[in-house]
Every structure is written in structure tokens, then in C-alpha cells.
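*Asks:*
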Amino acid sequence: MQEGKLNGTEQLILRELARGPKTTKELENSPTIAIKYQAIYKVCNGLEKKGLIKRGSGSRDFKWILVSNPVVEDVVITQSSNGTKVSNLPVIRNYDHEQMIPKNVNEYVDPHGLMQKIRAIMYHTNGILMEGDSGIGKTMCVMRIAQEDNLPFYLIQGTPDTRVEDLIGFPMQVGENTIWVDGIIPRVLLCSQERKCILFIDEINRLETNVQSVFFPLLDDRCSVIIHERGGEIIKGNKANLAVIATANIGVGHFTNPLDRAFEDRFDVVKIDYLDPKSEATLLHKQTGIYKDLCKRMVSVANAIRSLARDEDDAIEKPLSTRCLLRWGKLAMRFKEAKVSKDPLMDAAEIVVVNRYVGTDQDKVRQQVEHLRGVSLDEEKEKKKQESFRNDEDMADLEEIIRKLDNV
């Protein structure tokens, strides 16, 4: 068999058939063949036309057998940049990049035009580093851009446990065969050869320094990765199509690693802050359905807690993120709909907000939340209650005036 004439999928199918005749469905169910039934049938037809396999008989399904019995080790891949043999490890690369486009991303409230700024610079710089506190919408902002612009979105979640092989790829034993499995970086580089796309590194400053260094060649003119385990195979992307965007959580309470200066120098830095009160209340209203006046009051509580976190003399451990504020509202509405609480707003606040803190911090936060105790999630009920309070206050004022007149 001539080397380099077959792609990785065809080679895997031949490897399976070398063990004995197989039906198309058996090939589909083989752990080494990671493509769908129709695709395997199409590949087998192509191999039949090349005279390498033929259809057998005695099965309701099509049975495929080898015309001859080639030595499996002769089936190799020739995909290095200079066309030489790089490895005997097959790799399947029929990626559907369309599936990586985000769907059903919540609307992003953007009063300061952040999305347009990101769009304007994302393909004209080495990389973008979005810095800000946790839970303020950095990831959602970029996902929304990807959805609106129809861009494949490849996400790397930075953790201290992320390994280099998670990003580059690794060999995997499947039955008697060993195949190569690409990591996210080769996949996004291959995608950039065809179309614009985004590589998004969330919480990049949680990655270990040796893992951060993997991104160096993506952020300069090389725009490539070397897979040493495949004989030094080089996968080169199209820099004009690849946007590398990372986030870094800043502030107290984040366990992070410092960014190497040379690494950080490859990014343009965009600072992200909390939404202004009006915009945050609008976001809360849109995502939870809570009426606008109450949303404003909840945002006021959130900002009061954030002020406590900025107190120079006696700061609490952490602020209340927009993400937690939204969770508070959503849980309160679920409690209301399920009718499992007499005061759903406060019970939800206890779970989502207050219990995030301990000791004196918890006491301070609960004191702020208490301002909303007894407030109804039903707008009409709350209006009637407030009107009743006002009437009671007016009556008390009138009674006080009468008492004063009686004493004259």
C-alpha cells in the first residue's frame, strides 16, 4: 500500500478490516472510528473504488472485506509541513467547526459599547486580555459576539490542573491501536485556516506558568503549534482569522499565578467593571422577570455589599458579583412559582448571597439584605402594600395634627 494516499479515517477503517470482515454498522460502533454511519458508508464506497476493499455477502447490512491483506503497520500518515512521514499514529480531523458557534446566549447589556470595542480590535492585535472582578460578564460578552457574528468559539477553562496535553493533544490507546487526539489548540488553528474564529482562555492567570507558555507561538507571527509526539508536525493557523481573547480575575479572594511579562506583553488589556446601577437593574429585569422597581432595590443592596468589600478599614472578604445577583433573582422567582416560601426573596438571598460569607462578614451582608425583608415579588401586591403604608402614615400624621390642635 502506498504511503500518504489515504486520510486518517480511511486508514483507521483499513486497520479494523485487517482483523477480519466487518459490517458497516460494526465499523460505526468501533471505538476507533469516530464518525457517523453514513460517513463510514461513504468512505467504504471510496475505498472500494480504489480497489482496496470489496463487499461481502451473507449479511442484511453491507459487509466489507479487504481485497488483500496489507500489513497494518504500512498504513501511515504524511502530514508534516515538508510532506515527510511524521508518525504512525493516525488522527481523525473531520471537525465540524459550525458546532462550536454558541447558541442561546443571554442578551448582554452593554451601555458603554464594550462589544463594539472588542469587535474592532480582536483581529488586529496579538491578543486581548479582559481584566475585572469575577462574575461581571466577561465571558458572556465574548460569547455573545461569537453568537451574533456566527464565529466558532473554542473555550479553554483555566485551572491549576490544566495540563499542556489538554491543550496540544495526546496519544490514546484504543483496542490494539494507538491514535492521536488533538487538543483545542490544533483544532482552533485548523478552524482559522477556513474561517474567523475565537480562542477564549477563561481565567488565564489560574494556569501554571509552563502551561501559559504554550500560547506564546499563537500570539506572534508564527500563529502555530508544534506537535512533538507526531514527529514535529507543525499546524499553522491564519493569524488574520484567529482572535485570542483571555480573561483574568483581579481583586481579593482570587487564587492566581502571575503572568510572565513577555506573555502579558502579547496582550492588549481591556479593563471591565460592574455595570452602572440602571444597566444592572435592566439586566436583572430581563433575565429574571422581576419587576423593575424591585430590581433597582436589589441592585442597591448589591452595591452596598460591594462598598463593604472596598472599605479600607474593615473590608469584607469579597463583593457580590453580577452573576450572584442574577442567581439570587432567578432562585427567588423559582421559589415564588413553586410556592415553597412565604418570603421567597429573603430565602433565596440567604442561600445565594448571605451564605457565601462567614463570621462578621456574614452579619454585615445580612444587615444589607434585611432591607428587602417582606418585599413581595408580585408588583401589584407590593404597590397595594406600599399604598396602605402611605395611608397609615398619612393617618398617623393627621392624628398627630389633631392632638396638637386639641392641646391648643
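Per our numbering, residue 987 is the first one in the sequence shown, and the count goes up by one each step. Just so you know, even glycine gets a beta-carbon here, dropped at the ideal spot from N, CA and C. Since we're looking at a predicted model, the values are computed, not measured.
Specify, as a first and last residue, the run of the alpha helix (DSSP H) that Phe-1249 falls within.
*Replies:* Residues 1247-1250.
*Asks:* By the three-class DSSP mapping on this structure, what secondary structure does Val-928 have?
*Replies:* Residue 928 is absent from the structure shown; the chain starts at 987 and stops at 1394.
*Asks:* Quick check: the Cα distance between Arg-1342 and Gln-1348, rounded to an integer number of angstroms?
*Replies:* 8 Å
*Asks:* Would DSSP call Ser-1210 helix, strand or coil?
*Replies:* strand
*Asks:* The beta strand (DSSP E) spanning Met-1116 covers which residue range?
*Replies:* Per DSSP, Met-1116 belongs to the beta strand (DSSP E) from 1114-1118.
*Asks:* With 16 other CB atoms within 10 Å as the buried threshold, where does Asp-1297 fall?
*Replies:* exposed
*Asks:* Rounded to the nearest angstrom, what separates Leu-1363 and Glu-1323 at their Cα positions?
*Replies:* 10 Å
*Asks:* One question on the structure: do Ile-1122 and Ser-1307 come within less than 8 Å of each other, judged by their Cβ atoms?
*Replies:* yes
*Asks:* Whether or not the stretch 1119-1139 and the stretch 1032-1041 are in contact is what I'm after, with contact meaning three or more pairs of Cβ atoms, one per stretch, closer than 8 Å; do they touch?
*Replies:* no
*Asks:* Measuring CA to CA, which of Ile-1213, Glu-1034, Asn-1112 and Pro-1146 is closest to Pro-1172?
*Replies:* Of the candidates Ile-1213, Glu-1034, Asn-1112 and Pro-1146, the one whose C-alpha sits nearest the C-alpha of Pro-1172 is Ile-1213.
*Asks:* Considering just the uninterrupted stretch of the beta strand (DSSP E) at Lys-1089, what are its terminal residues?
*Replies:* Looking at the DSSP string, Lys-1089 is not in any beta strand (DSSP E), and its letter there is neither H nor E.
*Asks:* In chain order, what are the residue ranges of uninterrupted beta strand (DSSP E) at least 3 long that sit wholly in the stretch 1126-1179?
*Replies:* Segments of the beta strand (DSSP E) lying fully in the stretch 1126-1179: 1139-1143, 1155-1160 and 1163-1168.
*Asks:* Quick check on the burial criterion: 16 or more other C-beta atoms within 10 angstroms. Buried or exposed for Lys-1008?
*Replies:* buried
*Asks:* Could you name the residues of the same chain whose beta carbon sits closer than 6 Å to that of Gly-1069, not counting the 5 residues immediately before and after it, in chain order?
*Replies:* With a pLDDT of only 43 at Gly-1069, under the threshold of 50, the placement of this residue in the model should not be trusted; the figure read from the coordinates follows. Counting only Cβ-Cβ distances below 6 Å, and skipping sequence neighbours, we find nothing.
*Asks:* Could you give the DSSP three-state label for Phe-1048: helix, strand or coil?
*Replies:* coil
*Asks:* If you reduce the DSSP assignment to three classes, tell me which class Val-1361 lands in.
*Replies:* Coil at Val-1361, not helix or strand.
*Asks:* How big is the Cα-Cα spacing for Ile-999 and His-1271?
*Replies:* Taking the straight line from one Cα to the other gives about 54 Å.
*Asks:* Classify Glu-1356 as buried or exposed, calling it buried when 16 or more other Cβ atoms lie within 10 Å of its own Cβ.
*Replies:* Burial call: exposed.
*Asks:* If you draw a straight line from the alpha carbon of Glu-1093 to that of Val-1340, how long is it in whole angstroms?
*Replies:* 27 Å
*Asks:* Using a Cβ-Cβ cutoff of less than 8 Å, which residues in the same chain neighbour Gln-988 once the five nearest sequence positions on both sides are dropped?
*Replies:* Caution is warranted here: a pLDDT of 38 is assigned to Gln-988, below 50, making its placement in the model unreliable, and no coordinate value can be reported.
*Asks:* What residues in its chain sit with their C-beta under 6 Å from that of Arg-1359, if we drop five residues either side in the sequence?
*Replies:* Met-1332
*Asks:* Three-state secondary structure (DSSP) at Arg-1041?
*Replies:* Strand.
*Asks:* Can at least three beta-carbon pairs, one atom from the stretch 1280-1295 and one from the stretch 1099-1106, be found at a separation below 8 Å?
*Replies:* The answer is no - the stretch 1099-1106 does not touch the stretch 1280-1295, with fewer than three Cβ pairs under 8 Å.
*Asks:* Val-1150: which of Ser-1199, Ile-1190 and Pro-1330 sits nearest, CA to CA?
*Replies:* Ser-1199
*Asks:* Please go through the same chain and pick out, in chain order, the residues whose beta-carbon is closer than 8 Å to the beta-carbon of Leu-1075, but skip the five residues on each side of it.
*Replies:* The answer, listed in chain order, is Ile-1063, Pro-1157, Thr-1164, Ile-1165, Trp-1166, Glu-1215 and Arg-1216.
*Asks:* So, helix, strand or coil for Phe-1186, using DSSP?
*Replies:* strand
*Asks:* With distances taken between CB atoms, is the gap from Asn-1080 to Thr-1010 smaller than 8 Å?
*Replies:* no
*Asks:* Quick check on the burial criterion: 16 or more other C-beta atoms within 10 angstroms. Buried or exposed for Tyr-1260?
*Replies:* buried
*Asks:* Would you decide whether Asn-1191 is buried or exposed? Buried here means 16 or more other CB atoms lie within 10 Å of its CB.
*Replies:* buried
*Asks:* Mind checking Ala-1288: buried by the 16 CB within 10 Å criterion, or exposed?
*Replies:* buried
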